[in-house]
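In this note's numbering, the protein residues as written are 473 to 966. Virtual Cβ for every residue (Gly too), placed ideally from N, Cα, C. Quick caveat, the model's predicted, so the values are computed rather than measured. Working notes, beginning with the structure itself.
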Amino acid sequence: MFRPSSLFVRAGATPRLMNCRRSAGGRGPRWAAVLFATGLAVTTAGLVPAQEEGDDTSQDSGEEGTKPAGDATRNAAWMKIEQDAEKSYKEPLRTGGGFSPAAQDFIAKKAMPQLANDANRPILDRVRRKMRDILIVGITDDRAFDDASKAVADAAVTIAKNSGASLAARVNAMLLVGELRAKDNKDGTVWPAAVNQLAAVAGDATLDPSVRVAAMAGLVRHADVAKRTGGERQTEFTKGARPAILAIVAEKPSVEQPVVSDWLASRALSILTTVVKSSPKELATTLVGVMNDKDRSLDVRVRAAAALGATVTTKSEIQAVEATNGVTELAVAVLEVDEGILRDRRYEQQMSGGGTGGGAGGRMPGRPGMPGMPTGMQPGMGGGDVAVPQLVPDQSLRRTAWRLVTLADAMLTEDGKAGVAALVSGDDKAASQAYAELFRKYALKLDEKRTDDVILEALAFIRPGGEEEAATPAGDAEGTPAKPADDNDPFGGK
């Protein structure tokens, strides 16, 4: 029996957002900001200057003893913070003392500004991670722990919103907020109150996209914990995150940085079902629009369909039949991406002289009549003894499998209780259910086999009109009769 959960753990390729530039003359700083969060490596489109050898890295605040970036591990300013934190800040809190004004000043005026110290740039990731250890971990009093965590988060948000600070400092400040943990400091935990700061930054369209991406990475972590924990934790998360999530979903994609915009939308849509149980009319209309928007990435469109299917009700007031057609068209678009890869790589293979026999008039198995594709391409397909390498990358086929099973549930869940087709009836319901079953069938086949022929077979049955072509033997052009039409065909093929 097919179990969609086995595919949902493989959510496909992570978008990689990249934009590196140099200033005129080749001597300017190289720009790049890399976020490592929630297991994702995301290169943002922001412009973050990396330190060049010989650059002046003296600290803006003029701390005595600051070392240049070439000797960052001996940065006297940061070493002094670590020493002072242990003696004058951490020890009183560890022994049960309250969070004093002096402790507040130490965080806001001494420790957190180190994120913006250019001398720390080469070791900024270590400084950020060490910041949590020296300022929060080990505080025994519950109230003091929360006060210290809040002071760190507030200071980090101040840095993140400061357009005068370096982008590296602003990004790492928000990563720090997302990395704040519960008092027991166990892996996988979060400091619940941080959701408010993360949501405020992620949902602020006026901020640099790189900073918003860092905040969203933390928000995704909080969403995972809230979903696992449920109860009051999920209620608190919903209250804090919902406004930002809805704002991002409804946000127009950025013309200047569309990839970053799509990444934010994709993550917001993945969280949506955690904060929304049923879509009101306005939200449902937005989700249908995103799903059908061919200018958006397939990942965003598939996630929009999933969110729609999981939250739509009769009160959503959508055109249900049109929505089911939209899900089917999206499934075809997903498969056609791999079909395009297969066609292009086969063409490249033929042009380089590496193609198998069959010539330009050959046919690809599963799609009769497609020019330039010889028979017998895939092992196990029959009609030829020559096996050729798989042309569509394995990762692409896994991603397609996940997208198909996601769209199957968006159309109609296996129990028939949810999905856009749950709102239709009669022949429309039967056809939609048949499509959902096809999506699941080929998702499973792709997940198990991951061969090019599965893509072609799926398209033959899912693409409108494809079932007629698939039912027509390859010799039909020479007079072989086509397969008789089935009056019970749920797709209406004649």
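Query, Result
"Residue of V784, T785, R817 and V774 minimising C-alpha distance to E801", "V774"
"Status (buried if at least 16 other CB within 10 Å, exposed otherwise) for G690", "buried"
"Backbone CA spacing between Y914 and Q867 [nearest angstrom]", "16 Å"
"Length of the line joining the Cα atoms of R604 and L652", "7 Å"
"Any beta strand (DSSP E) of 3 or more consecutive residues that is wholly inside the region 656–709", "none"
"Contact check, A623 vs M646, beta carbons under 8 Å", "no"
"Sequence-distant residues of the same chain with beta carbon closer than 6 Å to A674, five excluded per side", "R684, A687, M688, L691 and A716"
"Alpha carbon of M883 to alpha carbon of R693, nearest angstrom", "28 Å"
"DSSP state of R935 mapped onto helix, strand, coil", "coil"
"6 Å Cβ shell around N644 - same chain, five flanking residues per side excluded", "L587, L596 and R600"
"DSSP three-state assignment for N764, whether helix, strand or coil", "helix"
"A637, DSSP secondary structure in three states", "coil"
"W663 and S621 closer than 8 Å at C-beta", "yes"
"Spatially closest choice to I631 from A580, A906, D810 and R815, by CA coordinates", "A580"
"Rounded separation between G891 and V721 - CA only", "19 Å"
"Contact set for F449: own chain, Cβ-Cβ below 8 Å, skip 5 residues either direction", "No answer is possible for residue 449: the residues shown for the chain start at 473 and end at 966."
"C-alpha gap between E754 and A574, whole angstroms", "49 Å"
"Proximal residues to T612 (C-beta, below 7 Å), its chain only, five neighbours per side dropped", "R566 and G568"
"Cut-off 6 Å between Cβ atoms - residues of its own chain near E789, not counting five sequence neighbours on either side", "K753"
"Distance between beta carbons of A695 and T746, contact taken as under 8 Å", "5 Å"
"S738 - DSSP class collapsed to helix/strand/coil", "helix"
"Own chain partners of S904 with C-beta closer than 7 Å, once the 5 adjacent residues on each side are dropped", "T796, M883, L884, A893 and V896"
"Straight-line Cα distance separating Q706 from G660", "16 Å"
"A779 to V799 span [Cα, whole Å]", "12 Å"
"Contact under 8 Å by Cβ, A583 with A557", "yes"
"Cβ-Cβ distance between I743 and A777 below 8 Å", "no"
"Burial state of R642 (16 or more Cβ within 10 Å)", "buried"
"Buried versus exposed, by CB contacts within 10 Å (16 or more), V555", "Residue 555 is actually Gln in this sequence, not Val. So Q555 ends up on the exposed side."
"Boundaries of the alpha helix (DSSP H) in which F617 is found, first to last residue", "D614 to A632"
"Close-in-space but distant-in-sequence residues of the same chain around S733 (CB under 8 Å, 5 per side omitted)", "P681, E723, P725 and S726"
"Top-ranked residue by Cα proximity to F578, from R598, K552, A591 and P594", "K552"
"Reduced DSSP secondary structure (H/G/I, E/B, other) of G610", "coil"
"Contact check, D919 vs A873, beta carbons under 8 Å", "yes"
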